[in-house]
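A short write-up of the structure that comes next.
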Amino acid sequence: MRFVSTRNESPAVSLSEAVMTGLAPDGGLYVPDALPQLDVEKLNPEAPLATLAPRLLAPFFAADELRPSLEVMCESAFNFPLELNRPHGDEARFFVLDLFHGPTAAFKDFGARFLAECLTRLKQPEDPPFTILVATSGDTGGAVAAAFDNRPEARVVVMFPEGRVSSLQQHQLSCWSRNVLTLAVKPDFDACQALAKQAFADEEMRRGFNLTSANSINIARVLAQLCYHAWAALRVHAITGEPANVIIPTGNLGNALACVWAKIMGLPIGRILCATNANETIPDYFLTGRYTPRASVPTIANAMDVGAPSNFERLMALGDREALTDFGVSAVGVSNEAIRGTIARDHQRHGLVWCPHTAAGLHAYHGLVGAPKQQPWVLAATAHASKFPEVVEPVIARPVELAPPLKALLDRPAHFETMDASLPELLRHMREGLGHADRTRINASSGFPRP
Ligand SMILES: *Cc1c(COP(=O)(O)O)cnc(C)c1O
2 MRFVSTRNES PAVSLSEAVM TGLAPDGGLY VPDALPQLDV EKLNPEAPLA TLAPRLLAPF
62 FAADELRPSL EVMCESAFNF PLELNRPHGD EARFFVLDLF HGPTAAFKDF GARFLAECLT
122 RLKQPEDPPF TILVATSGDT GGAVAAAFDN RPEARVVVMF PEGRVSSLQQ HQLSCWSRNV
182 LTLAVKPDFD ACQALAKQAF ADEEMRRGFN LTSANSINIA RVLAQLCYHA WAALRVHAIT
242 GEPANVIIPT GNLGNALACV WAKIMGLPIG RILCATNANE TIPDYFLTGR YTPRASVPTI
302 ANAMDVGAPS NFERLMALGD REALTDFGVS AVGVSNEAIR GTIARDHQRH GLVWCPHTAA
362 GLHAYHGLVG APKQQPWVLA ATAHASKFPE VVEPVIARPV ELAPPLKALL DRPAHFETMD
422 ASLPELLRHM REGLGHADRT RINASSGFPR P
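For the sequence shown, the working numbering begins at 2 and goes up steadily by one.
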């Protein structure tokens, strides 16, 4: 299979090249020249994700140098539980797909871990270690650092905005092995992102550190994500005899796009409803047919604070608004008040505690009316509630118990360095901080209160 740019001005490449490059040279995103059609009848709905995934992904890897490793990569990347539950009772046709049992308790672990498997295998023995540079507003940096932690082939530089992430997030960004350098950058996320861009544009820096990107436009992340949507759809279909309708809390559209691809590949998926927060670029597009990217506004579901969704180009490569609507794709925006209200209501009625992003999706489910509501629905639960205690605890008026993977992280010492957003500063920190065996780690410097 070959991969082409959404902007059609770069040569087609192999999957490995697409994974290594991230963004196509013309600024577009890599997509397969045609999505494979699967013989879905032959897929076993009882198979665990690690077994199902290679069968789904084999056509994408056909003839690629990574093909012989596909089974092993899936086995290693998807080594934590994936669960489909019916929290409102076994008779209910409401399913929740728990995507938060990975090392950093959010769905980004699937994509980041699979990407790590791909990249570490693509490194030639004679190459110097590659350096993943990631600017993060919270969740992504942790998932990427965790995925590459302790891998000698890779070094990771995480830049987060100083003082702008929660104490739990800060710890999760800075509690890794020596191959991860964590930097608190002043003053905000925009500065982090601008600095990362500057570094990638700097030839000396890019070559000197063998810089690579792991952001959400990397095709490996989308491929990993389509696997769990397929896994859930097969199970729901086996249980109910009907296709699964899916609700996806949405920011950069990576998770939702993966679900659309899975449906095109023939999996039993019905409607795909994207739930954004107050950043309504996608809902507005479906309403008006016009795409108007804009600056993001901060919300309590901050991992979805995106005004210009990076995967929109991949969605557009599939068809226009009419085509997408006919295919069952839609979007709805959910306000902070509605998110809080949904968390409170489901806690009161069912004793359940949702993360703010998942709650946006649940609100969208409650808003369904008529015949569609009678059909089976799957809500993608994108993070564990305990990642967002600042939002959730005041609403339910009690503490949320930490997810087990997060508890384990708290036992690790944390260390980060603070710096101004300048390229020379970044260079200095990277020269001094990367790969030094004697770099000492300062315990509890993240200030996170230990339980
Ligand atoms: C990243 C993230 C999202 C948004 O996913 P996209 O693929 O960017 O649309 C939703 N929820 C959580 C918890 C996230 O971390």
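Think of the CB as a built atom: it goes at the ideal place given N, C-alpha and C, for glycine as much as any other residue.
**Local conformation of G334 per DSSP, three classes** = Along the sequence shown, read from residue 1 onward, the residue named residue 334 stands at position 333. In the structure shown, G334 sits in a strand (DSSP, three-state: E or B).
**Message:** For a test of the three-state rule: what should DSSP assign to E66, helix, strand or coil?
**Reply:** Translated into the one-based positions of the sequence shown, residue 66 becomes position 65. Coil, per DSSP.
**Message:** Can you tell me whether C260 sits near ligand 1, meaning its C-beta is under 7 Å from at least one heavy atom of the ligand?
**Reply:** Residue mapping note: residue 260 aligns to position 259 of the sequence shown, counting from 1. When distances are taken from the beta-carbon of C260 to the heavy atoms of ligand 1, even the shortest one reaches 7 Å or more.
**Prompt:** What did DSSP end up calling C275 once you bin it into helix, strand or coil?
**Reply:** The residue you call residue 275 lines up with position 274 of the sequence shown. Here C275 carries a strand assignment [DSSP, helix/strand/coil].
**Request:** Let me know the secondary structure DSSP gives T282 once reduced to three states.
**Result:** To locate residue 282, count along the sequence shown from 1; it is residue 281. Annotated three-state conformation of T282 is helix, per DSSP.
**Message:** Taking the straight line between their C-alpha atoms, what separation do you get for R3 and S70?
**Reply:** By one-based count along the sequence shown, residue 3 stands at place 2. By one-based count along the sequence shown, residue 70 stands at place 69. Using only the alpha carbons, I get a separation of about 18 Å.
**Item:** Rounded separation between G362 and R432 - CA only
**Value:** Stepping through the sequence shown from its first residue, residue 362 is reached at position 361. Stepping through the sequence shown from its first residue, residue 432 is reached at position 431. If you take the alpha carbons of G362 and R432, they lie about 43 Å apart.
**Message:** Given 7 Å as the limit, tell me if P250 has its C-beta closer than that to any heavy atom belonging to ligand 1.
**Reply:** Residue numbering aside, residue 250 sits at position 249 when the sequence shown is read from its first letter. Correct: P250 has its Cβ closer than 7 Å to ligand 1.
**Message:** Runs of 4 residues minimum, wholly inside the stretch 103-173: which ones carry the alpha helix (DSSP H) assignment?
**Reply:** Within the stretch 103-173, the alpha helix (DSSP H) runs of at least 4 residues that lie entirely inside it are, in chain order, 109-123, 140-149.
**Asked** Between S214 and ligand 1, is the CB less than 7 Å from at least one heavy atom?
**Response** Here residue 214 refers to the residue found at position 213 of the sequence shown. Incorrect: S214 has no Cβ contact closer than 7 Å to ligand 1.
**Item:** Backbone CA spacing between A64 and L227 [nearest angstrom]
**Value:** The residue labelled residue 64 in the question sits at position 63 within the sequence shown. The residue labelled residue 227 in the question sits at position 226 within the sequence shown. Approximately 20 Å between the Cα atoms of the pair.
**Request:** Report the residue ranges of all beta strand (DSSP E) runs contained in full by the stretch 204-256; include only those spanning at least 3 residues, in chain order.
**Result:** With a minimum length of 3 residues, the continuous beta strand (DSSP E) runs that stay inside the stretch 204-256 are 245-250.
**8 Å CB neighbourhood of P153 in its chain, flanking five on each side removed** = As a working note, residue 153 is residue 152 in the sequence shown. Contacts found: P130, N180.
**Message:** Considering Cα atoms alone, identify which of R429, Q349, T419 is closest to D189.
**Reply:** The sequence position of residue 189 within the sequence shown is 188, counting from 1. If we check each option's Cα against that of D189, T419 comes out closest.
**Asked** Whole-angstrom Cβ separation of I133 and V157, contact assumed at under 8 Å?
**Response** Position 132 of the sequence shown, counted from the start, is the residue given in the question as residue 133. Position 156 of the sequence shown, counted from the start, is the residue given in the question as residue 157. Approximately 5 Å separates the beta-carbon atoms of I133 and V157; this is inside 8 Å, confirming the contact.
**Message:** Taking 8 Å as the threshold (C-beta atoms), are M266 and Q125 in contact?
**Reply:** Sequence index remark: in the sequence shown, residue 125 carries index 124 (1-based). Sequence index remark: in the sequence shown, residue 266 carries index 265 (1-based). Not closer than 8 Å, so no.
**Prompt:** Exposed or buried, which one is E204 when buried takes at least 16 other CB atoms within 10 Å?
**Reply:** Position 203 of the sequence shown holds residue 204. Counting Cβ neighbours within 10 Å, E204 comes out exposed, since fewer than 16 surround it.
**Request:** Tell whether a beta-carbon distance below 8 Å holds between A276 and I301.
**Result:** For the purposes of this step, residue 276 is taken as residue 275 along the sequence shown, with counting starting at 1. For the purposes of this step, residue 301 is taken as residue 300 along the sequence shown, with counting starting at 1. Their beta carbons are not under 8 Å apart, which means A276 does not touch I301 by this criterion.
**Request:** Please name the residue, chosen from H367, A296, W378, that lies closest to D306 on a Cα-to-Cα basis.
**Result:** As a first step, residue 306 must be located in the sequence shown, where it is residue number 305. Ranking H367, A296, W378 by CA distance to the CA of D306 puts A296 first.
**Item:** ligand 1 heavy atom lying under 7 Å from the CB of G255
**Value:** As a working note, residue 255 is residue 254 in the sequence shown. Yes; taking the cut-off as 7 Å, the Cβ of G255 has a heavy atom of ligand 1 nearer than that.
**Message:** Checking 8 Å against the spacing of the C-beta atoms, do I283 and A234 come in under that value?
**Reply:** Against the sequence shown, residue 283 aligns to sequence position 282. Against the sequence shown, residue 234 aligns to sequence position 233. With respect to the 8 Å criterion, I283 and A234 are not classified as neighbours on the basis of their beta carbons.
**Message:** Tell me whether H102, by its Cβ, gets closer than 7 Å to a heavy atom of ligand 1.
**Reply:** Residue numbering aside, residue 102 sits at position 101 when the sequence shown is read from its first letter. For ligand 1, no non-hydrogen atom lies closer than 7 Å to the CB of H102.
**Message:** Just to confirm before moving on: does the CB-CB distance between G23 and N219 stay below 8 Å?
**Reply:** Position 22 of the sequence shown, counted from the start, is the residue given in the question as residue 23. Position 218 of the sequence shown, counted from the start, is the residue given in the question as residue 219. For G23 and N219, yes; Cβs fall inside 8 Å.
**Message:** Just to confirm before moving on: does the CB-CB distance between A415 and C176 stay below 8 Å?
**Reply:** Taking the first residue of the sequence shown as 1, we reach residue 415 at position 414. Taking the first residue of the sequence shown as 1, we reach residue 176 at position 175. Taking 8 Å as the cut-off, the beta carbon of A415 is found closer than this to the beta carbon of C176.
**Message:** Please determine whether the Cβ atom of H358 lies at a distance below 7 Å from any heavy atom of ligand 1.
**Reply:** As a working mapping, residue 358 is identified with position 357 in the sequence shown. Because some heavy atom of ligand 1 lies under 7 Å away, the Cβ of H358 counts as near it: yes.
**Asked** Going by C-alpha distance, which of V5, E10, N9 is nearest L16?
**Response** Walking along the sequence shown from the start, residue 16 turns up at place 15. Out of V5, E10, N9, the CA that lies nearest to the CA of L16 is found in V5.
**Message:** Going by C-alpha to C-alpha distance, which of T241, L83, M206, V237 sits closest to P425?
**Reply:** Locating residue 425 in the sequence shown gives position 424, where the first residue counts as 1. Ranked by Cα distance from P425, the options T241, L83, M206, V237 are led by M206.
**Asked** Going by alpha carbons, who is nearest to V353 out of L53, L369, N86?
**Response** One-based indexing of the sequence shown puts residue 353 at position 352. Per the sequence presented here, residue 353 reads as Leu, with Val not at that position. From the listed residues L53, L369, N86, the smallest Cα separation to L353 is found for N86.
**Asked** When the Cα atoms are used, what is the spatial distance from W355 to A225?
**Response** Residue mapping note: residue 355 aligns to position 354 of the sequence shown, counting from 1. Residue mapping note: residue 225 aligns to position 224 of the sequence shown, counting from 1. Straight-line Cα distance between these residues: approximately 24 Å.
**Asked** Quick one: what's got a C-beta closer than 6 Å to G112's C-beta in the same chain, skipping five residues either side?
**Response** As a first step, residue 112 must be located in the sequence shown, where it is residue number 111. Around G112: R222, A225, Q226.
**Message:** According to DSSP, simplified to helix, strand and coil, what is T300?
**Reply:** Here residue 300 is taken as the residue at index 299 of the sequence shown, counted from 1. T300 falls in the coil class under three-state DSSP.
**Prompt:** By Cβ distance below 6 Å, which residues in the same chain neighbour I108 in space, the five residues on each side in sequence not counted?
**Reply:** In the sequence shown, residue 108 corresponds to position 107, counting from 1. Reading off the sequence shown, one finds Phe at residue 108, where the question assumed Ile. If we look at F108 and ignore the five residues flanking it on each side, its Cβ neighbours are L100, T383.
**Request:** Using alpha carbons as the reference points, say which of L288, V330, A245, L196 lies closest to I273.
**Result:** Here residue 273 is taken as the residue at index 272 of the sequence shown, counted from 1. Per the Cα distances, V330.
**Item:** Among V261, A19, D27, K388, the one whose alpha carbon lies nearest that of F328
**Value:** As a working mapping, residue 328 is identified with position 327 in the sequence shown. The option with the nearest alpha carbon to F328 is V261.
**Item:** Bounding residues of the beta strand (DSSP E) (the contiguous stretch that carries P33)
**Value:** Start at 1 with the first residue of the sequence shown, and residue 33 comes out as number 32. 31-33 is the extent of the beta strand (DSSP E) around P33.
**Message:** Considering only heavy atoms of ligand 1, does any lie closer than 7 Å to the CB of A372?
**Reply:** For the purposes of this step, residue 372 is taken as residue 371 along the sequence shown, with counting starting at 1. Incorrect: A372 has no Cβ contact closer than 7 Å to ligand 1.
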